[in-house]
Amino acid sequence: EAGVAQSPRYKIIEKRQSVAFWCNPISGHATLYWYQQILGQGPKLLIQFQNNGVVDDSQLPKDRFSAERLKGVDSTLKIQPAKLEDSAVYLCASSLGRLRAQYFGPGTRLLVL
Amino acid sequence: AQTVTQSQPEMSVQEAETVTLSCTYDTSESNYYLFWYKQPPSRQMILVIRQEAYKQQNATENRFSVNFQKAAKSFSLKISDSQLGDTAMYFCAFIALSGNTPLVFGKGTRLSVIA
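Going line by line, the protein sequences match chains S and E. Counted from 1, the first sequence has number 102 at position 102 by my numbering; the numbering is strictly sequential. Here my numbering = 1-based position in the second sequence + 1000.
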């Protein structure tokens, strides 16, 4: 069974630039999550999708972050414009449901200069 | 709001020895799940073990077991016969069954297994 795929693995940008991350969840997983993991901390949920609908985006900085999940499968997370404090690892995860085990992708390490 | 606290930022253990990682949580919920996730260096996070709060029996998964103390809101992870491959960040996480609250992670404990 293929795992959660993410790209790119690394990205370096300058502040005020834009960046996009892509995630392909495990086939059949209805629930998809984007987390932000700052160095030395646990992952923090940014947004949760159930199929192609948003369940929770309460911690997503909506003035600069956006996310979509087209057709309930792949998802993209965008930051525009990026700030220095956005430097982090962005993790995508998927699960069969909210209470089921989450399977994580390898993450995208973002450095904003 | 639920919070998860891991009071040990770093720990080390000799290969083949046993180590226990601590986790406490704060919640007013009575029904919830608890998890331990492992994040090896430069590798993806994987689930180690899960505990349902309504179960009194502690979960066990091969060399990994938990000590779940519901009244004390404590959920420690014991790793027996530690192996070099156990070197990783370990995160404790909590999710309430009610509502749509997300999985909440602690800050993690960095475990180093020494040969």
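A virtual CB, placed ideally from N, CA and C, is assigned to each residue, including glycine.
Inset, instruction - Using a Cβ-Cβ cut-off of less than 9 Å, give me the residues of the region 1093 to 1108 of chain E that come near chain B, in sequence order. - result: Of the protein chains in the structure, S and E, none is chain B.
Inset, instruction - Using a Cβ-Cβ cut-off of less than 9 Å, give me the residues of the region 72 to 100 of chain S that come near chain E, in sequence order. - result: L91, A93, R98, L99
Inset, instruction - Use the C-beta contact count for E/P1040: other C-beta atoms within 10 angstroms, 16 or more gives buried, fewer gives exposed. - result: Residue mapping note: residue 1040 of chain E aligns to position 40 of the second sequence, counting from 1. Exposed, because fewer than 16 other Cβ atoms sit within 10 Å of the Cβ of E/P1040.
Inset, instruction - Pull up the distance between the alpha-carbon of E/A1072 and that of E/K1038, whole angstroms please. - result: Reading the second sequence from its first residue, position 72 is the one you call residue 1072 of chain E. Reading the second sequence from its first residue, position 38 is the one you call residue 1038 of chain E. Their backbone Cα atoms lie some 24 Å apart in a straight line.
Legend entry - DSSP state of S/G53 mapped onto helix, strand, coil: Taking the first sequence and counting its residues from 1, the one referred to as residue 53 of chain S is at position 53. Correct three-state label for S/G53: strand.
Legend entry - Residues that E/Y1033 contacts on chain S, provided the C-beta gap is smaller than 9 Å: For the purposes of this step, residue 1033 of chain E is taken as the residue at position 33 of the second sequence. Simply L99.
Inset, instruction - Please work out which residues of its chain come closer than 7 Å, Cβ to Cβ, to S/Q17, disregarding the five sequence neighbours upstream and downstream, and give them in chain order. - result: Position 17 of the first sequence holds residue 17 of chain S. Only P81, A82 meet the Cβ criterion.
Legend entry - DSSP-derived helix/strand/coil call for E/K1038: Within the second sequence, numbered from 1, the residue matching residue 1038 of chain E stands at position 38. Residue state, collapsed to three classes: strand.
Inset, instruction - Name the residue from E/A1059, E/D1086, E/A1115 whose alpha carbon lies nearest to the alpha carbon of E/T1109. - result: Position 109 of the second sequence holds residue 1109 of chain E. Closest by alpha carbon: E/D1086.
Inset, instruction - Count the other C-beta atoms from every protein chain shown that fall within 10 angstroms of the C-beta of S/G53, then say buried if there are 16 or more, exposed otherwise. - result: Here residue 53 of chain S refers to the residue found at position 53 when the first sequence is read from its first residue. Exposed: under 16 other Cβ atoms inside 10 Å.
Inset, instruction - Within the same chain, show all residues whose beta-carbon is closer than 6 Å to that of E/D1081, passing over the 5 residues directly before and after it, in chain order. - result: Start at 1 with the first residue of the second sequence, and residue 1081 of chain E comes out as number 81. Excluding positions up to five away in sequence, the list reads A1016, R1063.
Inset, instruction - Could you name the residues of chain E that S/F65 contacts, counting a contact when the two beta carbons are closer than 9 Å? - result: On the first sequence, residue 65 of chain S is found 65 positions in, with the first residue counted as 1. Counting only Cβ-Cβ distances below 9 Å, S/F65 has no contacts in chain E at all, with the closest Cβ about 16 Å away.
Legend entry - Cβ shell of E/T1024 (< 6 Å), same chain only, five flanking positions each side left out: Counted from its first residue, the second sequence places residue 1024 of chain E at position 24. For E/T1024, where only same-chain residues beyond five positions count, the Cβ hits under 6 Å are T1005, K1073, S1074.
Legend entry - Reference S/A101, options E/Q1002, E/V1048, E/Y1090, closest by Cα: Indexing the first sequence from 1 puts residue 101 of chain S at position 101. Looking at the Cα atoms, E/V1048 is the closest of the given residues.
Inset, instruction - Return the residue from the list S/E85, S/R69, S/R109 that minimises the CA-CA distance to S/S94. - result: Start at 1 with the first residue of the first sequence, and residue 94 of chain S comes out as number 94. That would be S/R69, whose Cα lies nearest to the Cα of S/S94.
Legend entry - Interface partners of E/M1011 on chain S, CB under 8 Å: Position 11 of the second sequence holds residue 1011 of chain E. Near E/M1011 there are no residues of chain S at all, since even the closest Cβ is about 15 Å away, more than 8 Å.
Inset, instruction - Indicate whether S/I47 and S/L60 have their beta-carbon atoms separated by less than 8 Å. - result: Residue numbering aside, residue 47 of chain S sits at position 47 when the first sequence is read from its first letter. Residue numbering aside, residue 60 of chain S sits at position 60 when the first sequence is read from its first letter. Going by C-beta atoms, S/I47 is nearer than 8 Å to S/L60.
Inset, instruction - Per DSSP, which residues does E/T1027 bridge with? Please list them. - result: Taking the second sequence and counting its residues from 1, one reaches residue 1027 of chain E at position 27. Paired residues: none, contrary to the question.
Legend entry - Within 8 Å, strictly: CB atoms of S/L99 and S/H29: Mapped onto the first sequence, residue 99 of chain S falls at position 99. Mapped onto the first sequence, residue 29 of chain S falls at position 29. No, the pair does not count as a contact, with Cβ atoms beyond the cut-off.
Legend entry - Spatial neighbours of S/N24 in its chain, beta-carbon cut-off 6 Å, leaving aside the 5 residues before and after: For the purposes of this step, residue 24 of chain S is taken as residue 24 along the first sequence, with counting starting at 1. Closer than 6 Å at the Cβ level, and outside the excluded window around S/N24, lie A5, D74.
Legend entry - Beta-bridge partners of E/A1093, as assigned by DSSP: To locate residue 1093 of chain E, count along the second sequence from 1; it is residue 93. Under DSSP, E/A1093 takes part in a beta bridge, and its partners are E/F1035, E/F1105.
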